[in-house]
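What follows is a single structure, written as structure tokens, with notes after it.
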Amino acid sequence: MAAIREPLTRAATAAAPLMRCSDPAVVTTTEQLLNALSDVEDTARLEAALATFGRAVNAATAPRLSWWARRRAARTA
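The sequence shown runs contiguously to residue 70 in the numbering used here.
Next comes the structure, spelled out in structure tokens:
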């Protein structure tokens, strides 16, 4: 158990700023990922949580389209 304690501590430390993110999806998926880390033998749950977390972070950090680009996209949709 000692071998896994250090990586879990580092994960929790790295996650702390994400838990204060203004994007609720990032906060929720960070919490889900930390919960999944508590049972590292459940790799399917861990992989699903990691994929969901990645999508949330990508969406939160994607560059926002300019007003003109959003208008153009709305016209073609």
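Ideal Cβ positions, reconstructed from N, Cα and C, are used throughout, including at glycine.
Model, not experiment: these values are computed from the prediction.
- Cβ neighbours of alanine 29 within its own chain (closer than 8 Å, five residues either side excluded): Asp35, Arg38, Leu39, Ala41, Ala42, Leu43.
- Distance from the CA atom of threonine 23 to the CA atom of alanine 4, rounded to whole angstroms, is 10 Å.
- Contiguous beta strand (DSSP E) elements confined to the region 30 to 66 do not occur, taking only those with 3 or more residues.
- Measuring C-alpha to C-alpha distances from phenylalanine 46 to each of Ala8, Leu58, Ala66 identifies Ala8 as the nearest.
- When the Cα atoms are used, threonine 21 and glutamate -1 turn out to be separated by approximately 23 Å.
- Judged by DSSP in its simplified three-state form, proline 10 adopts coil rather than helix or strand.
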